[in-house]
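Read the sequence shown against UniProt numbering and you will find it ends at 192, with the numbers running on by one and no gaps. The beta-carbon is built from N, C-alpha and C at its ideal position, and this holds for glycine as well. Comments concern the structure below.
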Amino acid sequence: MIPTPSDITLGILAGGRATRLGGLDKAWLERDGVAQVLRWQRRFAHEVDTILVSANRDLHRYRAAGLHVVVDRSERDIGPIAGLDALAAACATPWMLTLPVDLVGVNECLLPTLASTAGDAGAFAIDDDGPQPLVALWRAAPLRDAMDDALAGSGAIHALQHALGMASVRLAGVRFGNLNTPDDLANAGITT
(Lines of atoms letter the chains of each structure in order from A; the text may use other names.)
(Lines give C-alpha, C1' and ligand atoms only; values in the text may rest on other atoms or scores of the structure.)
Protein backbone atom coordinates (compact mmCIF):
# COMPACT_ATOMS: atom_id res chain seq x y z
CA MET A 1 0.00 0.00 0.00
CA ILE A 2 1.44 3.37 -1.03
CA PRO A 3 1.32 5.93 1.81
CA THR A 4 -0.75 9.08 1.35
CA PRO A 5 0.30 12.56 2.57
CA SER A 6 -1.67 12.07 5.81
CA ASP A 7 0.52 9.03 6.55
CA ILE A 8 3.85 10.88 6.22
CA THR A 9 5.94 13.18 8.39
CA LEU A 10 8.85 15.09 6.86
CA GLY A 11 11.89 14.97 9.13
CA ILE A 12 14.52 17.57 8.21
CA LEU A 13 17.95 16.78 9.63
CA ALA A 14 19.52 20.12 10.62
CA GLY A 15 21.54 19.21 13.70
CA GLY A 16 25.00 18.98 12.17
CA ARG A 17 27.98 21.06 13.25
CA ALA A 18 29.06 22.16 9.73
CA THR A 19 32.73 21.93 10.66
CA ARG A 20 33.87 22.34 7.03
CA LEU A 21 31.95 25.62 6.95
CA GLY A 22 33.34 27.01 10.18
CA GLY A 23 30.20 26.11 12.12
CA LEU A 24 27.70 28.01 9.94
CA ASP A 25 24.14 26.89 10.60
CA LYS A 26 23.23 25.35 7.24
CA ALA A 27 19.51 25.48 8.01
CA TRP A 28 19.55 29.26 7.78
CA LEU A 29 21.78 29.63 4.72
CA GLU A 30 19.74 31.47 2.11
CA ARG A 31 19.44 30.70 -1.58
CA ASP A 32 17.34 33.12 -3.60
CA GLY A 33 16.25 34.73 -0.33
CA VAL A 34 14.91 31.49 1.19
CA ALA A 35 16.56 29.69 4.11
CA GLN A 36 17.35 26.03 3.45
CA VAL A 37 15.01 24.74 6.17
CA LEU A 38 12.15 26.86 4.84
CA ARG A 39 12.89 25.74 1.28
CA TRP A 40 12.24 22.10 2.27
CA GLN A 41 9.26 23.02 4.42
CA ARG A 42 7.63 24.78 1.45
CA ARG A 43 8.65 22.15 -1.08
CA PHE A 44 7.02 19.26 0.80
CA ALA A 45 4.16 21.05 2.60
CA HIS A 46 1.53 19.50 0.32
CA GLU A 47 3.08 16.03 0.27
CA VAL A 48 3.21 15.36 4.02
CA ASP A 49 1.01 15.71 7.09
CA THR A 50 3.59 17.05 9.54
CA ILE A 51 7.04 18.63 9.39
CA LEU A 52 9.65 18.12 12.11
CA VAL A 53 13.17 19.55 12.25
CA SER A 54 16.01 17.89 14.12
CA ALA A 55 18.21 20.73 15.41
CA ASN A 56 20.38 21.43 18.43
CA ARG A 57 20.93 25.19 18.32
CA ASP A 58 19.06 28.41 17.55
CA LEU A 59 15.82 26.67 18.50
CA HIS A 60 14.03 30.01 18.80
CA ARG A 61 14.57 30.64 15.05
CA TYR A 62 12.72 27.45 14.14
CA ARG A 63 9.88 28.20 16.52
CA ALA A 64 9.62 31.76 15.20
CA ALA A 65 9.28 30.29 11.69
CA GLY A 66 6.44 28.04 12.88
CA LEU A 67 8.52 24.86 12.71
CA HIS A 68 8.32 22.06 15.23
CA VAL A 69 11.88 21.35 16.37
CA VAL A 70 13.20 18.27 18.19
CA VAL A 71 16.62 18.01 19.81
CA ASP A 72 18.91 15.00 20.03
CA ARG A 73 18.00 12.65 22.87
CA SER A 74 21.57 11.36 23.08
CA GLU A 75 24.16 13.47 24.87
CA ARG A 76 26.96 11.85 22.85
CA ASP A 77 28.09 13.45 19.60
CA ILE A 78 27.22 10.53 17.31
CA GLY A 79 26.25 12.29 14.10
CA PRO A 80 23.06 12.03 12.08
CA ILE A 81 21.86 8.85 13.78
CA ALA A 82 21.09 11.00 16.85
CA GLY A 83 18.92 13.31 14.77
CA LEU A 84 17.19 10.34 13.17
CA ASP A 85 16.49 8.95 16.65
CA ALA A 86 14.95 12.24 17.79
CA LEU A 87 12.79 12.48 14.67
CA ALA A 88 11.64 8.86 14.95
CA ALA A 89 10.65 9.37 18.59
CA ALA A 90 8.58 12.45 17.70
CA CYS A 91 7.01 11.03 14.53
CA ALA A 92 3.27 10.36 14.97
CA THR A 93 2.54 9.13 11.43
CA PRO A 94 3.19 5.63 10.06
CA TRP A 95 5.87 6.88 7.64
CA MET A 96 8.68 9.44 7.80
CA LEU A 97 10.55 11.02 4.89
CA THR A 98 13.98 12.30 5.92
CA LEU A 99 16.12 14.91 4.17
CA PRO A 100 19.37 16.56 5.18
CA VAL A 101 18.85 20.33 5.35
CA ASP A 102 21.95 20.90 3.23
CA LEU A 103 20.69 19.29 0.03
CA VAL A 104 20.90 21.55 -3.00
CA GLY A 105 17.85 20.12 -4.76
CA VAL A 106 15.46 17.18 -5.06
CA ASN A 107 13.48 16.01 -8.03
CA GLU A 108 9.70 16.46 -8.13
CA CYS A 109 9.03 12.74 -8.05
CA LEU A 110 11.23 11.93 -5.04
CA LEU A 111 8.51 11.06 -2.52
CA PRO A 112 6.23 9.21 -4.97
CA THR A 113 9.20 7.19 -6.25
CA LEU A 114 10.35 6.25 -2.74
CA ALA A 115 6.76 5.46 -1.70
CA SER A 116 6.12 3.21 -4.70
CA THR A 117 9.26 1.19 -3.89
CA ALA A 118 9.07 1.22 -0.08
CA GLY A 119 6.96 -1.89 0.44
CA ASP A 120 6.62 -2.53 4.17
CA ALA A 121 10.23 -1.68 5.05
CA GLY A 122 10.94 1.70 3.43
CA ALA A 123 13.38 2.91 0.79
CA PHE A 124 16.37 5.20 0.36
CA ALA A 125 17.65 7.07 -2.67
CA ILE A 126 20.72 6.52 -4.79
CA ASP A 127 21.56 9.54 -6.93
CA ASP A 128 24.37 9.99 -9.46
CA ASP A 129 26.81 10.54 -6.56
CA GLY A 130 25.89 7.22 -4.93
CA PRO A 131 23.76 6.08 -1.97
CA GLN A 132 22.04 8.89 -0.05
CA PRO A 133 20.93 7.08 3.12
CA LEU A 134 19.42 10.20 4.73
CA VAL A 135 17.16 10.78 1.71
CA ALA A 136 14.80 8.04 2.72
CA LEU A 137 11.23 7.00 3.45
CA TRP A 138 11.12 5.08 6.72
CA ARG A 139 8.39 2.95 8.27
CA ALA A 140 8.25 4.76 11.62
CA ALA A 141 7.41 1.94 14.07
CA PRO A 142 10.18 -0.47 12.94
CA LEU A 143 12.62 2.47 12.86
CA ARG A 144 11.81 3.34 16.49
CA ASP A 145 12.16 -0.34 17.46
CA ALA A 146 15.59 -0.56 15.81
CA MET A 147 17.05 2.65 17.22
CA ASP A 148 18.45 1.25 20.48
CA ASP A 149 20.57 -1.30 18.61
CA ALA A 150 21.60 1.29 16.00
CA LEU A 151 22.67 3.78 18.67
CA ALA A 152 24.62 1.10 20.54
CA GLY A 153 26.27 -0.15 17.34
CA SER A 154 28.27 1.63 14.69
CA GLY A 155 25.74 4.43 14.23
CA ALA A 156 25.92 3.88 10.47
CA ILE A 157 22.69 4.77 8.72
CA HIS A 158 23.31 2.27 5.91
CA ALA A 159 23.71 -0.55 8.46
CA LEU A 160 20.39 0.41 10.04
CA GLN A 161 18.71 0.43 6.63
CA HIS A 162 20.16 -2.99 5.84
CA ALA A 163 18.88 -4.34 9.17
CA LEU A 164 15.42 -2.95 8.40
CA GLY A 165 15.42 -4.48 4.90
CA MET A 166 14.92 -1.13 3.17
CA ALA A 167 14.98 -0.99 -0.63
CA SER A 168 17.29 1.23 -2.62
CA VAL A 169 15.91 3.39 -5.41
CA ARG A 170 18.25 4.45 -8.22
CA LEU A 171 17.37 7.91 -9.51
CA ALA A 172 19.28 8.08 -12.80
CA GLY A 173 20.24 11.56 -13.90
CA VAL A 174 19.54 13.04 -10.45
CA ARG A 175 22.14 14.69 -8.25
CA PHE A 176 20.94 16.11 -4.92
CA GLY A 177 24.21 17.87 -4.09
CA ASN A 178 25.22 19.09 -0.64
CA LEU A 179 26.27 22.37 0.93
CA ASN A 180 29.36 21.14 2.73
CA THR A 181 32.21 23.39 1.63
CA PRO A 182 32.76 27.03 0.66
CA ASP A 183 32.94 25.88 -2.98
CA ASP A 184 29.55 24.17 -2.63
CA LEU A 185 28.08 27.41 -1.31
CA ALA A 186 29.58 29.43 -4.15
CA ASN A 187 28.31 26.97 -6.75
CA ALA A 188 24.79 27.23 -5.27
CA GLY A 189 24.93 31.04 -5.31
CA ILE A 190 25.13 31.41 -1.53
CA THR A 191 27.25 34.18 -0.05
CA THR A 192 27.95 34.37 3.65
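Euclidean distance between Cα positions of residue i and residue j
{"i": "Pro80", "j": "Pro133", "result": "10 Å"}
{"i": "Glu108", "j": "Thr98", "result": "15 Å"}
{"i": "Val70", "j": "Arg63", "result": "11 Å"}
{"i": "Ala82", "j": "Asp32", "result": "30 Å"}
{"i": "Leu13", "j": "Ala55", "result": "7 Å"}
{"i": "Ala121", "j": "Thr113", "result": "14 Å"}
{"i": "Glu47", "j": "Asp7", "result": "10 Å"}
{"i": "Phe188", "j": "Val34", "result": "A quick correction: the sequence has Ala, not Phe, at residue 188. When rounded, the distance between both Cα atoms is 13 Å."}
{"i": "Met96", "j": "Gln161", "result": "14 Å"}
{"i": "Leu29", "j": "Arg43", "result": "16 Å"}
{"i": "Ala163", "j": "Ala140", "result": "14 Å"}
{"i": "Leu111", "j": "His68", "result": "21 Å"}
{"i": "Ala125", "j": "Ala172", "result": "10 Å"}
Range covered by the beta strand (DSSP E) that runs through residue i
{"i": "Asp145", "result": "No beta strand (DSSP E) contains Asp145, which is instead part of the alpha helix (DSSP H) from 140-152."}
{"i": "Ser168", "result": "167-170"}
Terminal residues of the alpha helix (DSSP H) in which residue i lies
{"i": "Gly83", "result": "80-90"}
{"i": "His158", "result": "157-164"}
{"i": "Ala121", "result": "Ala121 -> no alpha helix (DSSP H), and no H or E assigned at all."}
**Asked** With contact counted as at least three CB pairs below 8 Å, one residue from each stretch, are the segment 24-31 and the segment 87-95 in contact?
**Response** no
**Asked** At which residue ranges does the segment 28-71 contain complete beta strand (DSSP E) runs of 3 or more residues, listed in the order of the chain?
**Response** 50-54, 68-70
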